[in-house]
Structures are given as structure tokens and as C-alpha cells.
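Using this note's numbering, read the sequence shown as starting at 1 and increasing by one per residue.
Glycine included, each C-beta is placed from N, C-alpha and C at the ideal position.
Fair warning: this is a prediction, and the values are worked out from it, not measured in the lab.
As C-alpha cells, the structure follows; a few thoughts come after it.
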Amino acid sequence: MKLNNDCRTTRRDPLLSVQENGRTFILKNACRQAVVQVEVDDCLITVGERCDWLFELTEPVKRVLFVELKGRDIKHAYAQLLATIKQLKASYQGYRLEAYVVSSRNPQTSPSRDLLAKDLARLGVKLQATNVRLEVNICP
Numbered sequence: 001m002k003l004n005n006d007c008r009t010t011r012r013d014p015l016l017s018v019q020e021n022g023r024t025f026i027l028k029n030a031c032r033q034a035v036v037q038v039e040v041d042d043c044l045i046t047v048g049e050r051c052d053w054l055f056e057l058t059e060p061v062k063r064v065l066f067v068e069l070k071g072r073d074i075k076h077a078y079a080q081l082l083a084t085i086k087q088l089k090a091s092y093q094g095y096r097l098e099a100y101v102v103s104s105r106n107p108q109t110s111p112s113r114d115l116l117a118k119d120l121a122r123l124g125v126k127l128q129a130t131n132v133r134l135e136v137n138i139c140p
């Protein structure tokens, strides 16, 4: 898939955040490295399952962070991440893929959640899920 430049913004802010309905994902970028923020939902991908955002980093390691801000439906959040990663994986050869869910609730375990997490792990994707607010430090 060709990445649409209208959906991409390169930023060097010390804090980058996206939020939706009281849920917030924050990238701490004290070293002010270039980060490409991509609006996935209804911009890069307009049909089918898709996550909300992704962030591309090239230093010190090439990484892509897929982000889903969700209410209570954790199973749907994982499905959206999985669908997005499968669709975009070829565009990010050589990148480390990471997935993040910020929800209003985060059940400890459920069979369907565990299966989706295993699907992400099979794709080599590191997954982190938390409630309400998640901060990720991207500087060494």
C-alpha cells in the first residue's frame, strides 16, 4: 500500500499526544527526534478495520507504533490493530512493530483477547495495553 502523504505529519515536539473520549497516548520525545505521525482511521485507511494512529521513528531504531484508543471493546481494538498491521506490514519492512491499546477498561484476561495477542505476537509485534493514559519514552 502506498502511504498517503496527506495523512502524515513530521514532528519534533518534546511531547506528542493523541486523544479520544478521555483516552490519551503520549510519546515523550525529549531528544526531539523526527517522528512521523500518521492518521490511519479515515485518512490512510478508509474502509474496513483499522487502528486510529501510527507513529514512525527511524532513530536510534526503526520502529512503528500502532495506536488504538478504545472504549470498553478490547477485542475489537485488537482486531483493528491486527488488520492494520497486516495491511501495512509490507510498507514497514525492517521496522520493529509495536501495538498499543489505551482503553476505558482493560480486563486481565479473556480467551478472545489472548488469541488476538498471540496473533500479534506471531507477526512479531510487541503489544502493550493499559487504561486511560499511556506514555512511551522514545529517547535513549
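For Ala129, DSSP records a beta bridge to Val101.
Scanning its chain for C-beta atoms nearer than 8 Å, with the 5 sequence neighbours on each side dropped, one finds around Asp41 the residues Arg50, Cys51, Asp52 and Trp53, in chain order.
The segment 15-22 and the segment 83-100 do not touch, with fewer than 3 CB-CB distances between them shorter than 8 Å. Residue environment: Gln80 is assigned as buried (16 or more neighbouring CB atoms within 10 Å of its CB, all protein chains considered).
Contiguous alpha helix (DSSP H) elements confined to the segment 34-91 occur at 74-88, taking only those with 4 or more residues. The C-alpha of Leu116 lies about 8 Å from the C-alpha of Leu82. When the five nearest sequence neighbours on each side are left out, the beta carbons in the same chain lying within less than 6 Å of the beta carbon of Ser104 are those of Gly71 and Arg72, in order along the chain.
Remark: C-beta atoms of Lys62 and Val136 do not approach each other more closely than 8 Å.
For Arg11, the enclosing beta strand (DSSP E) has its first and last residue at Arg8 to Arg11. The Cβ atoms of Leu69 and Glu20 sit closer than 8 Å to each other. Straight through space, the alpha carbons of Tyr100 and Gln33 are spaced by roughly 20 Å. From the listed residues Gly22, Ile85, Arg11 and Ile74, the smallest Cα separation to Ala129 is found for Ile74.
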